[in-house]
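Under the numbering used here, think of the first position of the sequence shown as 72, with each following residue one higher.
Beta carbons are placed, not taken as given, at the ideal position from N, Cα and C, and that holds for glycine.
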Amino acid sequence: LAYFNNSWFGILNSIKGLILGLLLLIIPFLMGGLGGGDVKLLGVIGSIMGPSFVFTTFIFGALFGGFISLVILILNRQLLSTLGKYFPSFGFPDSYSNPKMLTLPYSIPIGLGAIYSLYSNSLLGGIL
């Protein structure tokens with residue numbers, strides 16, 4: 072598809088996007104913070120849309136993921152205990168007061184980031 076769309080440049084752009092998409096999430100994956108499907112999803116987005124789009128998707132996906140995580144922590148009343156875990160010197164409550172583990176499938180923020188990137192790219196001509 073990339074070849075028919077833009078000849079050899081399309082293939083090169085697709086390969087660059089794939090590699091960048093995989094590299095952006097490989098460290099969080101290796102540290103156990105993400106599943107392999109999330110890494111492959113960003114790689115596929117990069118191979119279809121190219122490196123600049125996948126980087127924009129990554130940035131907006133991180134922003135959406137942070138916001139969603141914050142809402143989940145607030146709704147589950149775990150914001151202060153989570154802050155206490157990462158910033159114990161600030162005097163937040165004990166981080167082990169609520170041992171319930173909360174997770175977020177990162178494909179949701181990636182998808183939202185891709186939709187926002189696609190929308191902002193077509194709406195603003197690639198400014199954002």
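For residue i, which of helix, strand or coil comes out of DSSP?
i	result
Met172	coil
Asn84	helix
Asn147	coil
Gly103	coil
Leu199	Because the pLDDT at Leu199 is just 46, under 50, the model does not fix this residue reliably, and the point stays unresolved.
Gly177	According to the sequence as given, residue 177 is Tyr; it is not Gly. Reduced to three states, the DSSP call for Tyr177 is coil.
Leu134	helix
Leu72	coil
Gly162	coil
Whole angstroms are fine: how far does the CA of residue j sit from the CA of residue i?
i	j	result
Gly184	Phe131	5 Å
Asn192	Asp109	23 Å
Gly117	Gly162	42 Å
Gly103	Tyr177	13 Å
Phe75	Leu134	34 Å
Gln149	Gly182	25 Å
Pro122	Asn147	37 Å
Ser85	Ile186	19 Å
Pro159	Ile82	49 Å
Ser152	Ser140	14 Å
Ile198	Leu105	Note that Ile198 has pLDDT 48, beneath the 50 cutoff, so the model's placement of it is unreliable and no number is given.
Phe80	Gly107	28 Å
Val115	Ser188	15 Å
Ile143	Gly136	10 Å
On a Cα-Cα basis, can you pick out the residue from the options that is closest to residue i?
i	options	result
Leu95	Leu112, Lys156, Pro159 and Ile145	Leu112
Tyr190	Phe124, Ile143 and Gly114	Phe124
Phe129	Ile97, Ser152, Leu173 and Leu101	Ile97
Phe126	Gly92, Met172 and Leu72	Gly92
Tell me the residue span of the alpha helix (DSSP H) that contains residue i.
i	result
Tyr157	Leu150 to Tyr157
Pro120	According to the sequence displayed, residue 120 carries Met and not Pro. Gly107 to Met120 is the extent of the alpha helix (DSSP H) around Met120.
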